[in-house]
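Trainee: So the protein lines, in turn, are chains A and B.
Numbered continuously in the working numbering, the first sequence closes out at residue 345.
Numbered continuously in the working numbering, the second sequence closes out at residue 1844.
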Amino acid sequence: METPLLIFNENGIYCKEADVYLDPWHPVDRAIITHGHADHSRWGNKEYITHKNNVPIIKHRLGDIVVHGKEYNEKFVVNNVTFSLHPAGHIIGSSQVRVEHKGEVWVFSGDYKLEDDGISTPFEPVKCHTFITECTFGIPPFKWEPQEQVFKNINQWWANNREEGKTSVLFGYSLGKAQRLLKYLDTSIGKIYTHGAIENMTKILREQVQFPHTTLITRETKKKDLLGNIVLAPPSAHGSTWIRKMVPFVTASASGWMAFRGARRRRAVDKGFVLSDHCDWEELLTAIKSTGAEKIIATHGYTEIFSRYLREQGYDARTEQTQFEGEIDEVNSDKKEKEEL
Amino acid sequence: MKLFADLIRDLDSTNKTTAKVAALVNYFIAAPDKDKVWAIAILSHRRPPRPVNTTLIRSWAAELANIPLWLFEESYHIVGDLAETIALIIPSSQSTSEKSLSEFVDEIILLKALPEKEKKDYLIENWTKLSYYERFVFTKLITGSFRIGISQKLMTRALSKATEIEEDILAYRLMGNWDPSKTTFHNLIIKQRESDFVSKPYPFYLAYPLEEAVEELGAISDWYIEHKWDGIRAQIIIRNNEVFVWSRGEELVTDKYPEFHGLPGTVPDGTVLDGEILAFPNETIGSFNDLQKRIGRKNISNNLLKNTPVILKAYDLLEWKGADIRNRPLRERRQLLEGLLDLERMEGLPIYLSGICNLNNWKEVTNERAKAREYKSEGLMIKNKNSPYRVGRKKGDWWKWKVDPMRIDAVLTYAMRGHGRRTNLFTDYTFALWDTESEELVTFAKAYSGLTDAEFRKIDAWIKKNTLERFGPVRSVTPQLVFEIAFEGVALSKRHKSGVATRFPRIVRWRQDKKVDEANTLEDLKKMISHPISRHE
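Below is the structure:
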C-alpha cells in the first residue's frame, strides 16, 4: 500500500513526500506551524514556516529562529508537494494547512473555531479528501453562546464587582484568550490592568490589532489604584502571591471548560464564563461537513467518542495520538504560562 | 421557579461562604412561604419521591437532543451529573417559567402516578421551555439530591439571619422526619409546638480531632478520658412510653434495632441518651464490619438478630426527667447517667455505660490510646468535665484522639471518573495487593480521597495514557503506580473477593519511590487482623 500523504510518527505529523512536519513535538529540519500556542509551536526546529501574523508571536516565544511568513491562500511547493495556509479563526495568525499531491488533498486544522471573534481572520472551510481535526470539545454538552452575550455578562460582572468595591480578576491564556477578552472589555466601567505575561504578548499584537489601553501591574502599583478595576491574568497567577495585591477581589475564568460546574469549582474561581477559541460540538460537525472530506482523523480531545459518532454518520473516521493539548486550563497550561513569563 | 433557579445560579457563581449565605438570606426573605419549605427540604436532601426512573429519563433526553443513547451516556460520564448533562445537552431556551418551585414540586409528586407517555410529554415540554438553570433545577428535582456545596449548617445560618430565630433552635426544628408536602413554613420554622417534639432528637455535639500535644490540655483532672467506640453515633429517646432511635445522619432508625424496643418501662420517660451503637456478637464488641450487616437492613431476620445483636454504649445524658439538661456540666450529666444506668435495673438490657478510664497523667493516656485496638475502639475521647453539650462541631471541650491508621502499599488497578468538583478527572481508584500463591494482583479496596488536586491531575493524565480496557466510566490501567493506603480497621469478609474488608480506606501518598513488585501482599494485610497494632514494615 502506498504511504499516506500525511503520517503520524514519533516527531509529529509528517509529509514524507515533502520531508516536512506539521506542528512537530520534537525538533525537525522543516516545520509548518499552525499557530503560536506552545503545544503547536515548539522549540528547536531548524526552519519554521507559518502565517506572517504568527511570525512576531513565535519569535517572541522562541527567540532567534529561522522563520518564513506566508499569506493565507498563498501556494508554496516543497519537493513537488503543494502547501497553503488557510484561516483557522483560533487566534491571530492561526492557520489550517492544506497539503496537495497528485490530486489528493489533506487539510490539517490545527486548533480552530467557526465564530468570528473580530480579532483573528475568520475560519474558511477548505475542500479536501482527508481532514485532520482537533476535537477538544467534541461531545454534545459543549454549546457556546454567541460571544456578544458572553462579553455582556463579563462586563456586567465587572460593573457589579466595582459597585461592591471589589477588584475583578479575570483569568485567560496570555496568547489569544487574553486579547479576545481585552478587545471587548467596556472601558467606560473602569481601567484595565494586566499581568506581565499578558502585557508583553499584547504589546506585540498591538501592531496588528487595535486594543484598549492597558496598564501593567508593577511593584509600584497601589492596591487602591486597582480597586473596582479589572485585572487580566494568566491562569497560573491564580493562588499566587502576586494576586494578593488585588484584595478584596472576585475571580473568574474564561474557558470552554467553564461549561462544567465541576471544572469551575475545581479551578476554585468564583465565576466561570464559557468562552473558547475552539469549536463546540455543533461547530465541529459543521466544519467537517463543509470540507466535503470522507476521511476524518481526530487528534486531540474526546477523540474516541467523536470518531465513533462520525463513523455512525457514515464517515471513515479514526483517531491518532498526538501531543497537542487543546484547551487545558489546569497543570499543563500553568506550566506553559510560566515558561512564557 | 425562576427565583430558586436564580438562587442556585448565585450559589454557583461564588466560592465565598459569606456570598453564599447572603444569596440564601435574600432567597429566604423574598420567596413565598410554600417555596421556602421546599427549598429547605431540597437543600437538606429531602426530595419528592422519584417519579420516573433514570433509564427512561436518559433515553428521553438523548431523543430530544437528537443523539444516540451511547453518546448521551458518554457525555454523562464526562459531565458527572445527570441533571447538568441534560441541562447542557438540550438546545437552550431563553424563556422562563412563571410557575413557582412548589407548583413544580406538586406536579412532580403527581407525575409518579401518571402513565409513561404523559411523564415523557411533561419532561420534554419543560426541558424545551425552561432556561438553563431552571432546567437544571427541574431535572434535579426529578433525579436526585442537590449537592451544590451548601451544608445544612450553612443553610440554617442563612435561615437564622432571615428569620431572626436562633440557629440552634432552627437546627432542632429542622431535624428528623418532617414532610415538606404536609407542613407549612409557619409550622416548621416559626411556630413553637412542644407536642411535636416527642420524637425529636437534639443536634449532636461533635468532637474535633486533637491538634496539639495532649499535654497542652492542662490538668488531667479537668478531663474525662473514654474510649472512642467505632459504631454508629446515636441518640435513644424515651418519651411518652415510646422509644425512638436516631442516627447521626438525622435518620430515624428505630425499626432497624428491635433490641431497643423494650426500653420504655425500664428506662423512665423523658430520657435522651447519647452513645454509640455497636455490634455485640458473643457478648463482645464486634467490628464495624459486623455492624455493616445490620446497617441498611430494614427486615431483620431472627438469625441475624441472634448472631449479630447490637448494644448502645451510652456516654451522655441530654434529657432527664423530661428536662433538657444539655447546659449542665458534663460531670453532672455523667453522674445522672450513671445513676440511671444502675446495674441491677439494666440487667439484660442492651445499654452499657461507656467507661471512664482511670488514668493519672497524660503519659498513661498516651499508653491507653496505643492499646485502643485491643479494646476494639478507634482511640480516645477527651472531654472537659465542665463542658455543656453543644451543637455541631465545636472546638475546645471535646477532643477525639484516634489511633494512627494502619497502612499498606497497594497498586492502582482501576480508575473511574469522579463526581462533583472532580468531574472529568479520574479520581476514584481501585487498589490491589499481591496474592503470593497466584502471583496476581487482587483488588482489596477503593479510595477517593487523600491526594491534592495537582496530584490528581498528574495521575489523571497518566491514567489516560495507560488505559488497558474501558468499561463505561471505568478504566483498567497498567499496574504500575503504588500508593500508600491508610485504613482504620481490617476484618475478614465473605463479601469481598480478597476475603478482607478495610474500614475507611483512603490514600495517604503516592509512593513514586516504589515499584509495582514492591507493593504489599494480601498476606501482609491479613496479618494485621490478628496483630492489629503492628505496622507492615
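Don't be surprised by glycine CBs; every beta carbon is placed ideally from N, CA and C.
Fair warning: this is a prediction, and the values are worked out from it, not measured in the lab.
(1) A237 (chain A) versus chain B: which residues are under 8 Å apart at the beta carbon?
(2) What does the alpha-carbon distance come out to for the pair A163 (chain A) and T191 (chain A)?
(3) Answer with yes or no whether the minimum CB distance from P1398 (chain B) to chain A is below 9 Å.
(4) Roughly how many angstroms lie between the CA atoms of L1371 (chain B) and A1394 (chain B), to the nearest whole one?
(5) Mind checking whether F127 (chain A) and A291 (chain A) have CB atoms under 9 Å apart?
(6) By the criterion of Cβ-Cβ separation under 7 Å, what are the contact partners of E1391 (chain B) in chain A?
(7) How about E316 (chain A): is its C-beta nearer than 9 Å to some C-beta of chain B?
(8) Are any of the Cβ atoms in chain A nearer than 9 Å to that of L1619 (chain B)?
(9) Could you give the distance in angstroms between the alpha-carbon of W1367 (chain B) and the alpha-carbon of K1427 (chain B)?
(10) Alpha carbon to alpha carbon, how far is T225 (chain A) from R184 (chain A)?
(11) Taking its Cβ as the centre, do 16 or more other Cβ atoms sit within 10 Å of K1772 (chain B), making it buried, or is it exposed?
(12) Just to confirm, are D281 (chain A) and A256 (chain A) a CB contact at a threshold of 9 Å?
(13) If I'm right that K1692 (chain B) touches D1529 (chain B) with Cβ under 8 Å, what's the distance once you round it to whole angstroms?
(14) Output, in sequence order along the chain, the residues in the region 1312-1338 of chain B whose CB is closer than 9 Å to any CB in chain A.
(15) On the three-state DSSP scale, how would you describe Q183 (chain A)?
(16) Determine the direct distance from the alpha carbon of S1756 (chain B) to that of E167 (chain A), and round the result to whole angstroms.
(17) Assess contact between the region 1612-1623 of chain B and the region 1656-1663 of chain B, defined as three or more Cβ pairs (one per stretch) separated by less than 8 Å. Is contact present?
(18) Would Y1515 (chain B) and G1703 (chain B) be called neighbours here (beta carbons separated by less than 9 Å)?
(19) Whose CA, out of B:L1437, B:F1751, B:E1795, B:Q1642, lies closest to the CA of K1710 (chain B)?
(20) Taking the straight line between their C-alpha atoms, what separation do you get for K1804 (chain B) and N1596 (chain B)?
(21) If we call anything under 9 Å between Cβ atoms a contact, is E1685 (chain B) one with A1679 (chain B)?
(22) Does A272 (chain A) come within less than 9 Å of chain B when only Cβ atoms are used?
(23) Using CA atoms only, rank isn't needed, just tell me which of B:E1558, B:R1365, B:V1505 is closest to D1576 (chain B).
(24) Taking the beta carbon of P144 (chain A) as the centre, do at least 16 other beta carbons fall within 10 Å, making it buried, or is it exposed?
(25) Any beta carbon from chain A within less than 9 Å of G1572 (chain B)'s own beta carbon?
(26) Examine chain A for any beta-carbon lying closer than 9 Å to the beta-carbon of A1372 (chain B), and answer yes or no.
(27) Considering only C-alpha positions, which residue in the set B:T1321, B:F1763, B:R1641, B:D1831 is nearest to I1455 (chain B)?
(28) Tell me where the alpha helix (DSSP H) around N164 (chain A) begins and ends.
(29) Between the region 301-327 of chain A and chain B, which residues of the former have a C-beta closer than 7 Å to a C-beta of the latter?
(30) With 9 Å as the threshold, decide whether the Cβ of R102 (chain A) is near any Cβ in chain B.
(31) Using the Cα positions of N1484 (chain B) and D320 (chain A), report the straight-line distance between them to the nearest angstrom.
(32) With 9 Å as the threshold, decide whether the Cβ of R223 (chain A) is near any Cβ in chain B.
(33) Between which residues of its own chain and L1408 (chain B) is the CB-CB distance below 7 Å, once the five residues before and five after are set aside?
(34) Given a threshold of 16 other Cβ atoms within 10 Å of its Cβ, counted over all protein chains shown, does D1716 (chain B) qualify as buried or as exposed?
(35) Using a C-beta to C-beta distance shorter than 7 Å, which residues of chain A count as neighbours of I1431 (chain B)?
(36) Report the option in B:T1673, B:P1571, B:A1520, B:I1457 whose CA atom is closest to the CA atom of A1330 (chain B).
Mentor: So, from the listed chains and residues:
(1) On the first sequence, position 233 is the one that residue 237 (chain A) refers to. Within chain B, no residue comes near A237 (chain A); the closest Cβ sits about 16 Å away, beyond 8 Å.
(2) If you number the first sequence from 1, residue 163 (chain A) lands on position 159. If you number the first sequence from 1, residue 191 (chain A) lands on position 187. About 11 Å.
(3) For the purposes of this step, residue 1398 (chain B) is taken as the residue at position 91 of the second sequence. For P1398 (chain B), the closest Cβ of chain A is nearer than 9 Å.
(4) Your numbering for residue 1371 (chain B) matches position 64 in the second sequence. Your numbering for residue 1394 (chain B) matches position 87 in the second sequence. Straight-line Cα distance between these residues: approximately 12 Å.
(5) Locating residue 127 (chain A) in the first sequence gives position 123, where the first residue counts as 1. Locating residue 291 (chain A) in the first sequence gives position 287, where the first residue counts as 1. Yes, the pair counts as a contact, with Cβ atoms nearer than the cut-off.
(6) The sequence position of residue 1391 (chain B) within the second sequence is 84, counting from 1. Close partners of E1391 (chain B) in chain A (Cβ separation under 7 Å): R265.
(7) The residue given as residue 316 (chain A) occupies position 312 in the first sequence. Contacts with chain B at 9 Å (Cβ-Cβ) include E316 (chain A).
(8) By one-based count along the second sequence, residue 1619 (chain B) stands at place 312. False, the Cβ-Cβ gap to chain A never drops below 9 Å.
(9) Stepping through the second sequence from its first residue, residue 1367 (chain B) is reached at position 60. Stepping through the second sequence from its first residue, residue 1427 (chain B) is reached at position 120. C-alpha separation (whole angstroms): 7 Å.
(10) Looking up residue 225 (chain A) in the first sequence gives position 221. Looking up residue 184 (chain A) in the first sequence gives position 180. CA-CA distance, T225 (chain A) to R184 (chain A), rounds to 24 Å.
(11) What you label residue 1772 (chain B) is simply residue 465 of the second sequence in a count that begins at 1. Its Cβ having fewer than 16 others within 10 Å, K1772 (chain B) is exposed.
(12) To locate residue 281 (chain A), count along the first sequence from 1; it is residue 277. To locate residue 256 (chain A), count along the first sequence from 1; it is residue 252. Not closer than 9 Å, so no.
(13) In the second sequence, residue 1692 (chain B) corresponds to position 385, counting from 1. In the second sequence, residue 1529 (chain B) corresponds to position 222, counting from 1. Indeed they touch by this definition, with Cβ atoms about 6 Å apart.
(14) Residues D1319, S1320, T1321, N1322, K1323, A1326.
(15) Counted from its first residue, the first sequence places residue 183 (chain A) at position 179. Helix, per DSSP.
(16) Position 163 of the first sequence, counting from 1, holds the residue named residue 167 (chain A). Position 449 of the second sequence, counting from 1, holds the residue named residue 1756 (chain B). Distance between the alpha carbons of E167 (chain A) and S1756 (chain B): 40 Å.
(17) With a cut-off of 8 Å, the region 1656-1663 of chain B and the region 1612-1623 of chain B count as touching, because enough Cβ pairs lie within range.
(18) Against the second sequence, residue 1515 (chain B) aligns to sequence position 208. Against the second sequence, residue 1703 (chain B) aligns to sequence position 396. It is a contact, given that the beta carbons lie within the stated cut-off.
(19) On the second sequence, residue 1710 (chain B) is found 403 positions in, with the first residue counted as 1. One detail in the question is off: residue 1710 (chain B) reads as Val in this sequence, not Lys. For the residues B:L1437, B:F1751, B:E1795, B:Q1642, the minimum Cα distance to V1710 (chain B) belongs to B:E1795.
(20) Your numbering for residue 1804 (chain B) matches position 497 in the second sequence. Your numbering for residue 1596 (chain B) matches position 289 in the second sequence. The straight-line gap from Cα to Cα measures roughly 15 Å.
(21) Walking along the second sequence from the start, residue 1685 (chain B) turns up at place 378. Walking along the second sequence from the start, residue 1679 (chain B) turns up at place 372. Judged by beta-carbon spacing, A1679 (chain B) lies within the 9 Å limit of E1685 (chain B), meaning their Cβ atoms are closer than that value.
(22) For the purposes of this step, residue 272 (chain A) is taken as residue 268 along the first sequence, with counting starting at 1. Residue contact check for A272 (chain A) against chain B: a CB pair falls below 9 Å.
(23) Taking the second sequence and counting its residues from 1, one reaches residue 1576 (chain B) at position 269. Distance from the Cα of D1576 (chain B) is smallest, within the candidate group B:E1558, B:R1365, B:V1505, for B:V1505.
(24) Start at 1 with the first residue of the first sequence, and residue 144 (chain A) comes out as number 140. P144 (chain A) comes out buried.
(25) Taking the first residue of the second sequence as 1, we reach residue 1572 (chain B) at position 265. Taking 9 Å as the CB threshold, G1572 (chain B) stays off the interface with chain A.
(26) The residue you call residue 1372 (chain B) lines up with position 65 of the second sequence. Closer than 9 Å to some Cβ of chain A, the Cβ of A1372 (chain B) qualifies, so yes.
(27) Here the question's residue 1455 (chain B) lines up with position 148 in the second sequence. When B:T1321, B:F1763, B:R1641, B:D1831 are compared, the shortest CA-CA separation from I1455 (chain B) is found for B:T1321.
(28) Indexing the first sequence from 1 puts residue 164 (chain A) at position 160. Taken as a continuous stretch (DSSP letters only), the alpha helix (DSSP H) holding N164 (chain A) covers 151-167.
(29) With the criterion set as a beta carbon lying under 7 Å from some beta carbon of chain B, the members of the region 301-327 of chain A are I309, Y313, E316, in sequence order.
(30) Residue mapping note: residue 102 (chain A) aligns to position 98 of the first sequence, counting from 1. No - not a single Cβ of chain B is within 9 Å of the one on R102 (chain A).
(31) Here residue 1484 (chain B) is taken as the residue at index 177 of the second sequence, counted from 1. Here residue 320 (chain A) is taken as the residue at index 316 of the first sequence, counted from 1. One alpha carbon belongs to N1484 (chain B), the other to D320 (chain A), and they sit about 58 Å apart.
(32) The sequence position of residue 223 (chain A) within the first sequence is 219, counting from 1. False, the Cβ-Cβ gap to chain B never drops below 9 Å.
(33) Against the second sequence, residue 1408 (chain B) aligns to sequence position 101. Correct list, in chain order: M1308, F1311, D1342, W1345, A1346.
(34) Along the second sequence, one-based indexing puts residue 1716 (chain B) at 409. Classification for D1716 (chain B): buried.
(35) Stepping through the second sequence from its first residue, residue 1431 (chain B) is reached at position 124. Within chain A, no residue comes near I1431 (chain B); the closest Cβ sits about 17 Å away, beyond 7 Å.
(36) In the second sequence, residue 1330 (chain B) corresponds to position 23, counting from 1. Residue nearest to A1330 (chain B) within the set B:T1673, B:P1571, B:A1520, B:I1457 is B:I1457 (criterion: CA-CA distance).
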